[in-house]
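Structure record follows, encoded as structure tokens.
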Amino acid sequence: MSMFEFLVGTFYLGAATLFVVGLHKMRAPSTARQGNLISAGGMAIAVLTTIVFALVDFGGNVIGWGALVFGAAVGASYGVIRARTVKMTAIPQLVSVFNAVGGGAAAAVAFADFVANLSRASLDLTVSIPIVLDVLIGSITFSGSLIAAGKLQGIISGKPLTFPGARVLNVIVALIAVGAGVLLLIMPPNLLILLVIMVASLVFGVLMVLPIGGADAPVIVSLLNAFTGLAVAMAGFAIDNQALIIAGALVGAAGTILTLQMAKAMNRSVGAIILGGFGTGDTATAGGAAAADLTNVRELTADDVAIQLAYAQHVIIAPGYGLAAAQAQHEVAELAKLLTDHGIDVKYAIHPVAGRMPGHMNVLLAEANVPYEQMLQLDEANAAFGNCDVALIVGANDVCNPDARKPGNAVSGMPILDVDHAKSVVVLKRSMRPGYAGITNPLFTDPKTGMFFADAKKGLADITTAVKEYVTA
Amino acid sequence: MIDTLFGNLAIFILSLLVGVEVISKIPSTLHTPMMSAANAIHGVVIAGAIVIASVASSPAAYVLTFIAAVLAAANVFGGYVVTDRMLQMFTRPHPAPTAAPAPPATGEEVAS
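Chains as they are written, first to last, in this note's numbering: chain A, 1 to 473; chain B, 1001 to 1112.
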């Protein structure tokens, strides 16, 4: 190792350290932003170091550097414009798009490295294996994440799309990709084989995500995020670059943990998610239990809800997917502020998978100026429900189904919000339609529960108007 | 060659362990920004784009360099900017009691 290589390696280690410190600072909302900036600093060091290293070690020519600079300018403009204009409700699909381009970039790097080595008689396995894995994983991530983003955005139907023989086709495509991969390792460098791997992997990515329902897309986004991390690490192995290896491993770990936590919160096994695809989607369960009888349901008006809230001391709001879908975060924040200004203690109980991806609800509420101190995580919230006068559920269902504590049903064992421990419960929901798990919720027929049937946005606005009558009178 | 591979493999495994350790301490409140931040970090693949740009000497390599640069730059710049935009909302102080609820945020308020 020359002195120059030692210096380059040292700077890469510095960059990697800043990535870790940056992620470490994301443990608390107050330091998280600083953490992201530290991580960006690490990125700047990694990029500058690589530029110097590439110029000194390889030199290159004007066309190559020109292609890089022009391409980077185009990509950066697109990224910054999208990042600055995206609506907070659309964050999950944007994350998925950025994930897709990362995977695509990793595949392109490995592809280019292969092209540069085409003239050789044979490739060392320490180079060819990472190249194959990188093109494989990177291409799957690229096409799969774009399909997932399309589903989240609603461009592609959120219904599970499947056709006769889809499973068989899936297996065939996977076999082609893997078979071509093995062939590439044992044959002299051949561009055609790598192209076959790439195309088969792209098709596999599409086939993998198409059968997944829109409500489940976030799990797959998280999983593909882990994949991208691995693809980037593989690119690092291929071109012997430690910054890529370390950063890729960090992201791989992040994506994996999030996928596991999400699967747990949704009461699914990761194995079933990866192997089986999701058989059910957000529409598949609508039929059966939809006609739940309303005989034992106590129906409330906006005025009834307002009276309860205005005379309560401790109120906990449990927002769910329905609130995110109706984009009612500003309405709920306005109601909460009205109550808070009137001296009522208001907190939000946030289930780990509330919203459209883990932690998405917190972002939506933060956008509506809700201070993060008011957002309780699952454990904190469950400790607080016992002392709560009114629990207001907005557009959530399965995440507060008390049947989760009993064995033998679709939500058994799932971590839930103990909303039923509150003295009184109000559920704001459009209908009695069951949630994602497709089962009835005994909370809705509990004597202390009142149902207020309305769209989240309009319902909250009506309650706010009604509360104003009581608190100003 | 095999020495390099072993060194890189060791780095990879240890980084995975560090990642697991650091990430599992992040509260669910911040999971969306964390995922977005991790997303931005894998934009480091732009370093790979730089290396292939410097060794490119054929039309195919130039095209691949261009593609890699577009994708990686979108990843890294977009990823950091959108994460910052989310996190600055978390650090924003509670508004004055008179303030009306803000309209859906647009890009203008971003200072990054």
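Ideal Cβ placement from N, Cα and C applies to all residues, glycine included. Bear in mind that the values here come from a model prediction, so they are computed numbers and not experimental data.
For the alpha helix (DSSP H) assignment, the uninterrupted runs of no fewer than 4 residues enclosed by the region 115-199 of chain A are, from N- to C-terminal side, 125-153, 166-186. DSSP places Ser424(A) inside the beta strand (DSSP E), whose first and last residues are 424-429. Taking C-beta separations shorter than 8 Å and ignoring five residues to either side along the sequence, the partners of Tyr1062(B) in its chain run Ala1056, following chain order. Under the DSSP assignment, Asp345(A) falls in the beta strand (DSSP E) whose first and last residues are 345-349. Val20(A) counts as buried, since no fewer than 16 other beta carbons sit within 10 angstroms of its beta carbon. By the Cβ test, the region 174-183 of chain A is in contact with the region 194-208 of chain A, since at least three Cβ pairs between them sit closer than 8 Å. In the three-state reduction of the DSSP assignment, Thr301(A) falls in the coil class. Restricting attention to Ala247(A), Arg433(A), Ile155(A), the CA atom closest to the CA of Gly322(A) is found in Arg433(A). Look at the region 41-57 of chain A: the residues with a C-beta under 9 Å from a C-beta of chain B are Gly42, Met43, Ala46, Val47, Thr49, Thr50, Ile51, Phe53, Ala54, Leu55, Asp57. As summarised for the region 46-102 of chain A, the continuous alpha helix (DSSP H) elements at least 4 residues long and confined to that stretch are 62-85, given in chain order.
The residues Gly255, Leu258, Thr259, Met262, in chain order, have a CB closer than 7 Å to that of Ser222(A) in the same chain once the five nearest residues on each side in sequence are set aside. Val219(A) has its alpha-carbon roughly 24 Å from the corresponding atom of Ile393(A).
Distance from the CA atom of Pro164(A) to the CA atom of Ala368(A), rounded to whole angstroms, is 46 Å. Note that the C-beta distance between Gly35(A) and Lys25(A) is below 8 Å. The residue among Phe444(A), Thr228(A), Ala100(A) with its C-alpha nearest the C-alpha of Val419(A) is Phe444(A). Taking each of Gly60(A), Ser77(A), Arg84(A) in turn and checking the Cα distance to Ala116(A), the smallest one comes out for Gly60(A). Residue environment analysis places Asp113(A) among the buried positions, since at least 16 neighbouring C-beta atoms fall within 10 angstroms of its C-beta. A Cβ-Cβ separation of about 6 Å places Gly103(A) in contact with Ser145(A) under the 8 Å criterion. Note that the C-beta distance between Glu331(A) and Leu460(A) is below 8 Å. Within the same chain, Cβ atoms closer than 8 Å to the Cβ of Ser122(A) are found at Pro188, Pro189, the five residues on either side in sequence being excluded. One Cα belongs to Ser143(A), the other to Ser30(A), and the distance between them is close to 36 Å. For Ile317(A), the three-state secondary structure derived from DSSP is strand. Residue-level contact check: Asn382(A) does not touch chain B, since none of the beta carbons of chain B fall below 8 Å from its beta carbon.
Val426(A) is not a Cβ neighbour of Val346(A), given a cutoff of 8 Å. Annotated three-state conformation of Gly395(A) is coil, per DSSP. Going by DSSP, Gly450(A) is part of the beta strand (DSSP E) stretching over 449-453. CA-CA distance, Leu183(A) to Ala110(A), rounds to 17 Å. In this structure Thr1065(B) does not touch Gly22(A) by the C-beta definition: roughly 28 Å separates them, more than the 8 Å allowed. Phe452(A) has a beta carbon lying at 8 Å or more from every beta carbon in chain B.
In the displayed model, Val20(A) falls within a helix according to three-state DSSP.
With 16 or more other CB atoms across the displayed protein chains lying within 10 angstroms of its CB, Tyr372(A) is buried. Residue nearest to Asp1003(B) within the set Val127(A), Gly229(A), Ser77(A), Ala325(A) is Val127(A) (criterion: CA-CA distance).
Under the DSSP assignment, Phe385(A) falls outside any alpha helix (DSSP H); it carries neither an H nor an E label. The C-alpha of Arg33(A) lies about 6 Å from the C-alpha of Gln1088(B). With a cut-off of 8 Å on Cβ pairs, the region 225-232 of chain A is in contact with the region 1034-1045 of chain B, counting three or more such pairs.
With a threshold of 8 Å between beta carbons, Met1(A) makes no contact with chain B.
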